[in-house]
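The block underneath contains the structure these notes are about, expressed in C-alpha cells.
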Amino acid sequence: MTIDPFYLIVDSAAWIRRLVPLGVKLVQLRIKDRSTSEIRAEIREAKAICAAHECQLIVNDYWQLAIEEGCDFIHLGQEDLASADLSAIRDAGLKLGLSTHDEAELETALAAEPDYIALGPIYPTVLKVMPWAPQGLDRIGAWKARIGNRPLVAIGGLTVERLAGVFEHGADIAAVVTDITRNPDPESRTLEWVAATRQMPPN
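Printed below as a string of C-alpha cells:
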C-alpha cells in the first residue's frame, strides 16, 4: 500500500480548506469534544474538499460516522481500537491506521492487521501530555523491522529540519500537527513540508 509521505493532521475542515489546496495529499481530521452533528458536518465538508483536490482523507476515532458518510480511511488510537467493531470497519471497505507507543501496543496493532502503523512521539511534543517518553530515532528502525511492508508513520515533534533523520531510520511517512498549525505562516510551512517530503527517497 502506497501512502503519501507527508501526513497532515488538523482539527477542522477549515484547516483542510486552507491547506489541502497547497498540494497536501494525505490529511487526518482529528476532532475532539464536539457534538455528533458537528463532527458529521465537519467530515462531510472535509471529504468534499479532499475529493476536489485528490487528497486522501483519514477520519480519526469516529469510525461509525466514517462508515455512514462513505469515507474510506479511519485512524484509531489504542483505546478506540479496543471498543471498535473491526469487522464492521472492514466490511465497509475502510482502510485502517493504528497508533502505537510501546511493544504491547504494537502487538495489539499487528493483530488487527492495519494498513499502516504509527509510532510516537518520536520527539517531545507540545500537542498533548504523553505518558510515554520520546521514542527516538532508533525505535523507528526497530518498528519498521517488525511491521514489514506496512507503511510506518512517525509522529510527535517532527519538523522539516528533522525529516531526513526520520526517513533514514525507516519511517515511510511523517505526520505533522503543531509545526504547521502553530506556525506563524502555516501556508508557507505546508509548502516547505510538501517540497521536503517529495525529495525523500522511498524505503
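According to this note's numbering, the sequence shown is numbered sequentially starting from 897.
Beta carbons: idealized from backbone N, C-alpha and C, even for Gly.
{"Item": "Neighbourhood of T996 by C-beta, 7 angstroms cutoff - its chain only, sequence neighbours within 5 removed", "Value": "L1002, A1005, I1013, A1014, L1015"}
{"Item": "Inter-residue CB distance, P1030 and P1020 (contact presumed, cutoff 8 angstroms)", "Value": "5 angstroms"}
{"Item": "Within 8 angstroms, strictly: CB atoms of A1008 and L994", "Value": "yes"}
{"Item": "Straight-line gap, G989 to F902 (C-alpha atoms, nearest Å)", "Value": "23 angstroms"}
{"Item": "Span separating the alpha-carbon of H971 from that of V1090", "Value": "22 angstroms"}
{"Item": "Classification of N956 by the beta-carbon crowding that lies within 10 angstroms, buried from 16 upward", "Value": "buried"}
{"Item": "Beta-carbon spacing of L925, L961 below 8 angstroms", "Value": "no"}
{"Item": "Helix, strand or coil at L904 according to DSSP, with G and I counted as helix", "Value": "strand"}
{"Item": "Secondary structure of L995, DSSP reduced to three states", "Value": "What sits at residue 995 in the sequence shown is Ser, not Leu. Residue state, collapsed to three classes: strand."}
{"Item": "Nearest candidate by alpha-carbon position, reference R913, set A1041, N1099, N1079, T1086", "Value": "T1086"}
{"Item": "Straight-line Cα distance separating A1050 from V1062", "Value": "7 angstroms"}
{"Item": "Where Q924 sits in the DSSP three-state scheme", "Value": "strand"}
{"Item": "For A910, the first and last residue of its enclosing beta strand (DSSP E)", "Value": "Per DSSP, A910 belongs to no beta strand (DSSP E); it is in the alpha helix (DSSP H), 909-915."}
{"Item": "Through-space distance from V923 to A942, alpha-carbon basis", "Value": "9 angstroms"}
{"Item": "Sequence-distant residues of its chain with Cβ nearer than 6 angstroms to L1033 (five each side left out)", "Value": "G1061, H1065"}
{"Item": "Selected residue, minimal CA-CA separation from D907, among E964, R1058, E934", "Value": "E934"}
{"Item": "Euclidean distance between Cα positions of R1046 and A948", "Value": "27 angstroms"}
{"Item": "C-beta contact flag for K921 and E950 at 8 angstroms", "Value": "yes"}
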